[in-house]
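*Asks:* What follows is a single structure, and I will ask about it in a moment.
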Amino acid sequence: MKDNLYDRYGKALREAGDAYPDEEEESVARRAVVSLVREGYPVKDLQPCVARQFLASHDLTAEDSEGAQIYTSRVMETLNEALGKASREDPALAAVALKSAIEADQNRYADTASEAPYGLYRKGRVLSALAVEDGFTPDAIKEALRDSKALALTPEEEDILMDGVRRTDAAYNSIRKTPLSGPSADEGALYRRYAHAYMDRTGSRFLSQTDEIRITSDIYGDLRELYAKEFPKTEEGQRELEHILTEEVWPFLHRCINKGSPNLTAPGRDGKTYAASILAGARTHTSVLSYGDSHLRALDSYVTEMSKARDISQKLVKELPSYSYDVLAVRKMLDKKHPQSEIRNAIVAKSPIARTNQNPKGSGRSSILAYATWIIHAALAMLGREKQIASAETKVTKTGTTASYNELVSKGVTSNDLFLAAYRDRWERYPSSRQELIVSNSDRAVASNLLARYPDYDRNALEESIRELSPGAVFPGVPDSYAHDIVHQAAEDLALVRSLGKERDDFRLRYQKARGFASAGIEEHNAAMDRYLDGRTALYFLRQNEPESNLRPLLIESCPRECGLTPVLYADDILRQSREVLTRTDALLETRQSDAQEKTPKGLYQSTALKYFQKKGFVDSRLDVAVYEELALRGVPQERIEKSIREGSPKAAEPGRSASVYTDYIRRRAEREIEEAKRRLEEYQVIPHMGEHDIAQDFRKERLRMQEYVRLPLGEAIDEKITDAYLDEGIEEKKIVEALNGNTETVGLKEAGYGQEILSRVKMRREKEDKKKEAASTAPSKEHEDVRVRRLEGQYNTD
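Quick note, the sequence shown lines up with residues 98 to 896 if you use the working numbering.
Take a look at the structure:
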């Protein structure tokens, strides 16, 4: 050990003690070590200095080395945490990160960077992300901001933004400190607990509007399940449950958002609108929490609706009878005046039903004849009623009368009069309706028209008219309840039509409200954002199966003058891009990982994005950044990565985005995060062992700690750094190789020679560095430079 390093440590220790007089001895020593490590001194050389100084300051001898060893271990055990904290307090690092973040964020929303004016919200979003995602302290950000000209802030704007950064940073710190279990003190604490769990589950560091919608949905889902246990699964019980959810749970969730959302008070954002947009999104989302749940619900719904449809058809005609064709054919023959004897012979000879087990009259010659007679009588009965409808005199000459049902009855008009007139009107409008295979269709249509025209129609009288006059009522096999079932179903049909009409009337208001929520409360309005907001709104409704025909007129009206398209083309273009977003999202749901899948750009994106999509359940820019980072670290060429995102990402296809400009934003952001991960890897210190140790176990623990510190999967680089440190300690190469090979599952590497390859690579680099040092030692000596500054300049090229 060189005495000058020991003296340098002593000086750093005194400086730290003077700066932090109230801190404990170990904490002060750790600060001194941090300052020297950041200047470039190796930990392995500083470790003996710490032990030696401890012995000297406590008047101890070498015989007390065990106590010094324990003390040194405690100083070093949280060294990397202290190094990270020191970096986050560094204004120089914050300034480099700020410049990089601004350059990347320019292309976040608009078709071109020039169309994306930087308002208060976007500036605040960039600064808050530096605090929340990158971990810089507000003081470091403030100092970096003053040195930066990129945002061109007035003193008043700077105060507003920095106040917002501090609030946001404190809110996220509060979320991270909130326990994941146990009682919650209030609505805000409950929201923070769910946010904490969500961030852990999805790996999110900064929450988007969609993230907060999912968090709110999680709370709602648990509360609904809790309340559901208190109500019986009867129609009345479920009504009471829905009442509780509407009147109590949703207002409670609104309070949770207002008290717990970390993004509510962001500068440039209307918190009231933002909270309402989260609540509205959660109401839409609550029944679809994951693809698996949605898929199962769809299957259940299909089975239920099919059962309902079958019940309705069986009520009306029992089933679609196999003899329906015989009835229709015979009715047509009777119309053409064929003798009944000839018709009977034709049925006996040619009917596909009469000679089979489908014959409702049984089997044998007598049954075949009985079947023929039965069909003829049924056709005659239907034909007789059709002739009665066509020829009967009624007291109604115009179906378009404005009188009510009761007014007509008072004038002597009967239900039969109205029924016959309505039937004749249907035949005149739709002549082919007499040949319908399902005879109940005409009766339902006529009944629906009468109920729509006369809201006060006596339904019992209508049922009686159907029993007396309808051809369908005498169709073979219809149940006794046929007339009642027809009127009931006609009333339901009418209610559905009226509800659809009301929905169309209300849709404009719903669209305008949803478009307001699409802005997420951001108070920056400009033409460049109009297309993006219209696109988000269109997607919102298309995901709810809203017809494009309802959206198109409103999109036409929304077309901004500056867009360069006619209103019709503007609307069609947004709908086309929205369909592409949904198509790409569906493709992700259907993705199956395979080598063949990655051969196309789209397939490469889908197979890489799948695991992130399954974790979050939706695609956002953060997911695309993760995809870019993974592919870049795998060595995939930049051009291929960018093409995969342009052609595969649902976000890249969104209206209001240029796929190429958006991909450039993703690239810049990913490259920034990769550079930051490499900086953190360089910053991380592998603490030399003291005392006995298990190399394989320590290697595994060190890798996990380093991976968490670095944040990105720099697997081989991490292994090389640990190997380098272990060689410095003098650990046997054989043990290092065994540790590398024994832990390859952690980084997904299973090649037999992996450990030896890593060791050889590290040794080769060390040999080159030794030669450089030897050559440098013969050159004229230079004054000691700040290694930390050199490292920073080499890490970030700011030219």
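Every residue gets a Cβ at the ideal spot worked out from N, C-alpha and C, and that includes glycine.
For residue 808 and residue 774, which I take to be in contact (beta-carbon distance under 8 Å), what is that distance rounded to the nearest angstrom?
*Replies:* Along the sequence shown, read from residue 1 onward, the residue named residue 808 stands at position 711. Along the sequence shown, read from residue 1 onward, the residue named residue 774 stands at position 677. Their Cβ separation, rounded to whole angstroms, is 6 Å, which keeps residue 808 and residue 774 in contact under 8 Å.
*Asks:* Would you decide whether residue 287 is buried or exposed? Buried here means 16 or more other CB atoms lie within 10 Å of its CB.
*Replies:* Numbered from 1 along the sequence shown, position 190 holds the residue referred to as residue 287. The residue in question, residue 287, is buried, as its Cβ has 16 or more Cβ neighbours within 10 Å.
*Asks:* Considering residue 710, what are the terminal residues of the alpha helix (DSSP H) in which it resides?
*Replies:* Counted from its first residue, the sequence shown places residue 710 at position 613. 698 to 713 is the extent of the alpha helix (DSSP H) around residue 710.
*Asks:* In chain order, which alpha helix (DSSP H) runs of at least 4 residues are fully inside the segment 469 to 554?
*Replies:* The alpha helix (DSSP H) runs lying completely inside the segment 469 to 554 and spanning 4 residues or more are 502 to 507, 512 to 526 and 537 to 550, given in chain order.
*Asks:* Would residue 144 be called buried (16 or more neighbouring beta carbons within 10 Å of its own) or exposed?
*Replies:* By one-based count along the sequence shown, residue 144 stands at place 47. Its Cβ being crowded by 16 or more others within 10 Å, residue 144 is buried.
*Asks:* Nearest by alpha-carbon distance to residue 614: which of 856, 369 and 501 is it?
*Replies:* By 1-based counting over the sequence shown, the position of residue 614 is 517. For the residues 856, 369 and 501, the minimum Cα distance to residue 614 belongs to 369.
*Asks:* Could you check what DSSP says for residue 619 in three-state terms: helix, strand or coil?
*Replies:* Numbered from 1 along the sequence shown, position 522 holds the residue referred to as residue 619. The answer is strand: DSSP assigns residue 619 an E or B state.
*Asks:* Let me know the secondary structure DSSP gives residue 633 once reduced to three states.
*Replies:* As a position in the sequence shown, residue 633 is number 536, starting the count at 1. The answer is helix: DSSP assigns residue 633 an H, G or I state.
*Asks:* Looking only at its chain, what residues have a beta carbon closer than 6 Å to the beta carbon of residue 394, apart from the 5 residues adjacent to it on each side?
*Replies:* Here residue 394 corresponds to residue number 297 of the sequence shown, with the count starting at 1. Note that residue 394 scores 45 on pLDDT, short of 50, meaning its location in the model is unreliable; the coordinates nonetheless yield the value given after this. Excluding its 5 nearest sequence neighbours in each direction, residue 394 has no C-beta neighbour in its own chain below 6 Å.
*Asks:* Please classify residue 234 as buried or exposed, where buried requires at least 16 neighbouring CB atoms within 10 angstroms.
*Replies:* Looking up residue 234 in the sequence shown gives position 137. Buried.
*Asks:* Would you tell me roughly how many angstroms separate the C-alpha atoms of residue 852 and residue 618, rounded to the nearest one?
*Replies:* The residue you call residue 852 lines up with position 755 of the sequence shown. The residue you call residue 618 lines up with position 521 of the sequence shown. A direct Cα-to-Cα measurement between residue 852 and residue 618 gives close to 53 Å.
*Asks:* Would you mind giving the Cβ-Cβ distance between residue 117 and residue 150, rounded to the nearest angstrom? I have them listed as a contact below 8 Å.
*Replies:* The residue labelled residue 117 in the question sits at position 20 within the sequence shown. The residue labelled residue 150 in the question sits at position 53 within the sequence shown. Not confirmed; about 17 Å, so no contact.
*Asks:* Can you give, in chain order, each stretch of the alpha helix (DSSP H) that sits fully within the segment 712 to 740 and has at least 4 residues?
*Replies:* 718 to 730
*Asks:* Roughly how many angstroms separate the alpha carbons of residue 103 and residue 721, rounded to a whole number?
*Replies:* As a working mapping, residue 103 is identified with position 6 in the sequence shown. As a working mapping, residue 721 is identified with position 624 in the sequence shown. Their Cα atoms are separated by approximately 49 Å.
*Asks:* Here's the rule: buried if 16 or more other CB atoms are within 10 angstroms of the residue's CB, otherwise exposed. What is residue 428?
*Replies:* Locating residue 428 in the sequence shown gives position 331, counting from the first residue. It is buried - the Cβ of residue 428 has at least 16 other Cβ atoms within 10 Å.
*Asks:* Once DSSP output is grouped into helix, strand and coil, what is the label at residue 366?
*Replies:* Taking the first residue of the sequence shown as 1, we reach residue 366 at position 269. Residue 366: strand per DSSP, three-state reduction.
*Asks:* Taking the continuous alpha helix (DSSP H) assigned at residue 663, which residues delimit it?
*Replies:* The sequence position of residue 663 within the sequence shown is 566, counting from 1. Neither: residue 663 is in no alpha helix (DSSP H) and is coded neither H nor E.
*Asks:* Can you grab the Cα-Cα spacing for the pair residue 481 / residue 645, in whole Å?
*Replies:* As a first step, residue 481 must be located in the sequence shown, where it is residue number 384. As a first step, residue 645 must be located in the sequence shown, where it is residue number 548. One C-alpha to the other measures close to 46 Å.
*Asks:* How would you write the range of the alpha helix (DSSP H) that residue 361 sits in, first residue to last?
*Replies:* On the sequence shown, residue 361 is found 264 positions in, with the first residue counted as 1. Segment: none, residue 361 is in no alpha helix (DSSP H) and carries neither H nor E.
*Asks:* Under the criterion of a Cβ to heavy atom distance below 7 Å, does residue 817 qualify as lining the ligand GDP?
*Replies:* Looking at this structure, you won't find the ligand GDP or any other ligand, since it has none at all.
*Asks:* With respect to the alpha helix (DSSP H) encompassing residue 245, which residues constitute its N-terminal and C-terminal limits?
*Replies:* Against the sequence shown, residue 245 aligns to sequence position 148. Element bounds for residue 245: n/a, residue is neither H nor E.
*Asks:* Quick check on the DSSP output: the alpha helix (DSSP H) that includes residue 87 runs from which residue to which?
*Replies:* As displayed, the chain neither begins before 98 nor continues past 896, which places residue 87 out of reach and without an answer.
*Asks:* From what residue to what residue does the alpha helix (DSSP H) around residue 436 run?
*Replies:* Start at 1 with the first residue of the sequence shown, and residue 436 comes out as number 339. Residue 436 -> no alpha helix (DSSP H), and no H or E assigned at all.
*Asks:* Which of the three DSSP states is assigned to residue 656 in this structure?
*Replies:* Here residue 656 refers to the residue found at position 559 when the sequence shown is read from its first residue. Judged by DSSP in its simplified three-state form, residue 656 adopts coil rather than helix or strand.
*Asks:* Any chance the segment 709 to 719 sits against the segment 305 to 313, with 3 or more Cβ pairs inside 8 Å?
*Replies:* Segments in contact, yes.
*Asks:* Alpha carbon to alpha carbon, how far is residue 115 from residue 830?
*Replies:* Translated into the one-based positions of the sequence shown, residue 115 becomes position 18. Translated into the one-based positions of the sequence shown, residue 830 becomes position 733. About 44 Å.
*Asks:* Within 10 Å of its beta-carbon, does residue 861 have 16 or more other beta-carbons around it, so buried, or fewer, so exposed?
*Replies:* Here residue 861 corresponds to residue number 764 of the sequence shown, with the count starting at 1. Exposed, by the Cβ-count rule.
*Asks:* Around the Cβ of residue 336, are there at least 16 other Cβ atoms within 10 angstroms (buried) or fewer (exposed)?
*Replies:* Reading the sequence shown from its first residue, position 239 is the one you call residue 336. Exposed: under 16 other Cβ atoms inside 10 Å.
*Asks:* Where does the unbroken alpha helix (DSSP H) through residue 831 begin, and where does it stop?
*Replies:* Taking the first residue of the sequence shown as position 1, residue 831 is located at position 734. Per DSSP, residue 831 belongs to the alpha helix (DSSP H) from 830 to 839.
*Asks:* Taking residue 151 as part of the alpha helix (DSSP H), name the residues at either end of that continuous run.
*Replies:* If you number the sequence shown from 1, residue 151 lands on position 54. Element bounds for residue 151: 140 to 154.
*Asks:* Which residue's Cα is closest to the Cα of residue 782: 802, 789 and 159?
*Replies:* Reading the sequence shown from its first residue, position 685 is the one you call residue 782. The shortest C-alpha separation from residue 782 is found at 802.
*Asks:* Does residue 726 pass the burial test, meaning 16 or more other C-beta atoms within 10 Å, or should it be called exposed?
*Replies:* Position 629 of the sequence shown, counted from the start, is the residue given in the question as residue 726. That one is buried.
*Asks:* Count the other CB atoms within 10 Å of the CB of residue 392; is the residue buried (16 or more) or exposed (fewer)?
*Replies:* Working through the sequence shown from its first residue, we reach residue 392 at position 295. Because the pLDDT of residue 392 is 42, which lies under 50, any placement of that residue in the model is unreliable, and the number read from its coordinates should be weighed accordingly. By the 10 Å Cβ count, residue 392 comes out exposed.
*Asks:* Return the chain-ordered list of same chain residues with a C-beta closer than 8 Å to the C-beta of residue 131, the five sequence neighbours on each side being excluded.
*Replies:* Walking along the sequence shown from the start, residue 131 turns up at place 34. Correct list, in chain order: 176, 179, 180 and 183.
*Asks:* Does DSSP put residue 578 in a helix, a strand or coil?
*Replies:* Within the sequence shown, the letter at position 481 stands for residue 578. In the structure shown, residue 578 sits in coil (DSSP, three-state: anything other than H, G, I, E or B).
*Asks:* In this structure, how does DSSP classify residue 299 when only helix, strand and coil are distinguished?
*Replies:* Translated into positions along the sequence shown, residue 299 becomes position 202. It is helical.
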